[in-house]
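Worksheet: the structure to be examined is printed underneath.
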DNA sequence: CCTCCGATTGGATCGTCGTTCCAATCAGGA
DNA sequence: TCCTGATTGGAACGACGATCCAATCGGAGG
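Chains as they are written, first to last, in the working numbering: chain C, 1 to 220; chain R, 221 to 440.
Next up, the structure:
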């Protein structure tokens with residue numbers, strides 16, 4: 001007996017594995033990425049995967065680095081640092097919007113290379129903006145944390161919208177719940193329901209970046 | 221046969237369960253909260269817990285609501301809305317610092333009551349700040365997202381510091397890694413290593429809030 | 001061409017998790 | 001007193017990440 005499945009001929013590599021993992025994540029969200037799904041897609045076994053990858057965290061980090069590296073790698077050479085900051089931020093937003101699992105991962109393990117690249121990029125542009133030395137560190141931290149915060153929200157919303165049907169219906173449902181709150185107890189949220197329904201995520205994100213930049217400008 | 225353990229006499233309730241869950245989370249982090257640990261601590265079975273709680277997400281959300289409600293419940297009546305915003309923000313920061321699992325949870329399921337309270341509180345204070353209507357929604361979103369971003373970072377750092385020994389050593393290790401990066405490839409991160417080692421998390425968080433408030437002030 | 005050894009692969013297996021399910025038990029109204 | 005619905009305790013299930021090892025491959029040295 002002992003007829004095992006034929007051994008694969010094309011070499012397995014970390015890159016191939018990471019690419020497959022990213023595809024699974026894009027297709028079915030974080031919950032869909034299991035080693036069982038991965039072995040099925042790659043037509044291999046657990047051992048082969050663990051030979052190239054330390055564990056699931058390592059795999060997620062590598063996939064995240066690949067996505068973020070792709071975004072920041074497109075070196076946008078912009079004359080105006082202010083505009084470059086908006087471009088880079090929006091690039092990150094769009095990438096995380098397209099791959100919500102990246103947002104959750106950036107959030108979960110912030111010491112990995114991906115976040116380092118983000119800090120470097122944003123910090124460098126703040127230097128170009130002539131932010132004074134003392135405030136530079138704080139400003140970079142604030143801006144990165146803002147981006148991460150939005151990233152997480154996006155990921156959560158994507159998880160929910162995927163489970164709940166389309167985005168439109170989901171947003172409407174949340175807005176309806178907000179609107180139905182007691183205006184005396186929740187005056188702000190109650191009246192914000194309309195804007196929640198109509199708002200554009202990208203525009204609101206950029207508005208937040210602009211708010212930051214306006215605050216930074218007062219430091220000069 | 222069939223000698224089962226004696227049945228508990230004092231009634232189990234959702235509140236008791238949530239309190240026990242919070243204690244486990246505080247003591248051992250998110251990984252420590254399992255239904256098995258919970259049954260052991262409460263001296264009961266799975267069924268009893270599931271009778272009061274829908275599932276683990278529900279349990280985490282309830283524990284989070286309890287903590288956030290406690291923070292925001294201390295109604296800080298401050299004359300100056302600007303100062304009140306700083307107080308509330310810092311209160312949230314400290315709460316998430318003390319209970320890192322709250323940060324991760326706020327991030328993961330943002331439609332639950334806890335975040336609603338935060339929006340209401342911050343939005344209300346922005347209204348008191350005379351932020352013009354159109355910008356109000358964007359400003360509140362930006363500030364809340366910033367707080368959530370910091371919350372997540374804090375939670376991640378706490379997870380790491382707990383695994384890595386004390387916070388001091390962990391921060392030093394990260395700073396050393398930053399400092400050892402090639403200054404040509406990572407100029408900003410390389411030179412920021414010193415400030416990373418010496419910085420105070422609370423102060424940096426407040427500096428970010430102030431940056432926001434400065435930006436908002438330009439809208440008036 | 002053969003031999004052999006380290007690198008690589010496939011899959012059985014383990015322990016743990018969240019969750020389900022149901023018999024056992026209790027409290028209190030009929 | 002009896003009965004019924006609410007509550008409890010714990011066995012069992014399926015899925016997960018991870019480990020382990022026999023099987024296999026490919027190329028360096030003879």
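Quick reminder that beta carbons are idealized off the backbone N, C-alpha and C, glycines included. Every value quoted in this text rests on a predicted model; they were computed, and no experiment measured them.
Neighbour list for residue i in chain C, Cβ cutoff strictly below 9 Å
i, result
"residue 407(R)", "120, 123, 124, 127"
Proximal residues of chain C, C-beta to C-beta of residue i below 8 Å
i, result
"residue 357(R)", "192, 195, 196, 199, 204"
Residue-chain proximity (residue i, chain C), Cβ-Cβ < 7 Å
i, result
"residue 222(R)", "With a pLDDT of only 34 at residue 222(R), under the threshold of 50, the placement of this residue in the model should not be trusted, and no figure is reported."
"residue 438(R)", "yes"
"residue 374(R)", "no"
"residue 351(R)", "no"
"residue 435(R)", "yes"
"residue 247(R)", "no"
"residue 289(R)", "no"
Closest residue to residue i among the options (Cα-Cα distance)
i, options, result
"residue 79(C)", "173(C), 181(C), 125(C), 67(C)", "125(C)"
"residue 232(R)", "373(R), 413(R), 258(R)", "258(R)"
"residue 31(C)", "218(C), 113(C), 167(C), 158(C)", "158(C)"
"residue 422(R)", "433(R), 405(R), 371(R), 357(R)", "371(R)"
"residue 131(C)", "172(C), 17(C), 219(C), 22(C)", "219(C)"
"residue 358(R)", "140(C), 153(C), 172(C), 200(C)", "200(C)"
"residue 418(R)", "432(R), 387(R), 406(R), 429(R)", "387(R)"
"residue 53(C)", "81(C), 19(C), 86(C), 82(C)", "19(C)"
"residue 375(R)", "432(R), 326(R), 263(R)", "326(R)"
"residue 261(R)", "394(R), 243(R), 391(R), 304(R)", "243(R)"
"residue 188(R)", "196(C), 103(C), 175(C)", "This structure does not reach residue 188(R), given that chain R is present from 221 up to 440, and the question cannot be answered."
"residue 405(R)", "116(C), 81(C), 100(C), 27(C)", "116(C)"
"residue 14(C)", "25(C), 27(C), 55(C)", "55(C)"
"residue 424(R)", "140(C), 176(C), 192(C)", "140(C)"
"residue 395(R)", "362(R), 407(R), 412(R)", "412(R)"
"residue 284(R)", "436(R), 321(R), 433(R)", "321(R)"
"residue 289(R)", "430(R), 334(R), 367(R), 437(R)", "334(R)"
"residue 153(C)", "214(C), 188(C), 103(C), 187(C)", "103(C)"
"residue 246(R)", "304(R), 319(R), 414(R), 266(R)", "319(R)"
"residue 414(R)", "47(C), 136(C), 160(C)", "136(C)"
Residues near residue i by beta carbon distance below 7 Å, same chain, minus five either side
i, result
"residue 190(C)", "178, 179, 181, 183"
"residue 291(R)", "311, 312, 315"
"residue 144(C)", "118, 119, 122"
"residue 382(R)", "249"
"residue 66(C)", "18, 22"
"residue 269(R)", "237, 255, 258, 259"
"residue 329(R)", "277, 281"
"residue 368(R)", "326, 327"
7 Å Cβ cut-off: residues of chain R touching residue i
i, result
"residue 91(C)", "Residues of chain R passing the Cβ test: none, with the nearest at roughly 17 Å."
"residue 54(C)", "Simply none; closest approach about 15 Å."
"residue 146(C)", "362, 365, 366, 369"
"residue 208(C)", "358, 361, 362, 365"
CB contact check: residue i to chain R, cutoff 7 Å
i, result
"residue 212(C)", "yes"
"residue 50(C)", "no"
"residue 184(C)", "no"
Close Cβ partners of residue i (< 6 Å) along its chain, the five nearest in sequence each way excluded
i, result
"residue 332(R)", "281"
"residue 349(R)", "301"
"residue 223(R)", "Reliability of the predicted coordinates at residue 223(R) is poor, the pLDDT of 41 falling under 50, and the value obtained from them is presented with this limitation in mind. Answer for residue 223(R): no residue qualifies."
Same chain, Cβ closer than 8 Å to residue i, five either side skipped, listed in chain order
i, result
"residue 88(C)", "72, 76, 121, 122, 125"
"residue 384(R)", "390, 393"
"residue 146(C)", "208, 209, 212"
"residue 142(C)", "212"
"residue 266(R)", "255, 259"
- Message: Against chain C, which members of the stretch 325-337 of chain R pass a CB distance test of less than 8 Å?
- Response: Against chain C - using a Cβ distance shorter than 8 Å - the residues of the stretch 325-337 of chain R are 327, 328, 329, 330, 331, 336.
- Interface residues of the stretch 377-397 of chain R facing chain C [CB-CB below 8 Å]: Taking 8 Å as the Cβ-Cβ cut-off against chain C, the residues of the stretch 377-397 of chain R that qualify are 377, 380, 394.
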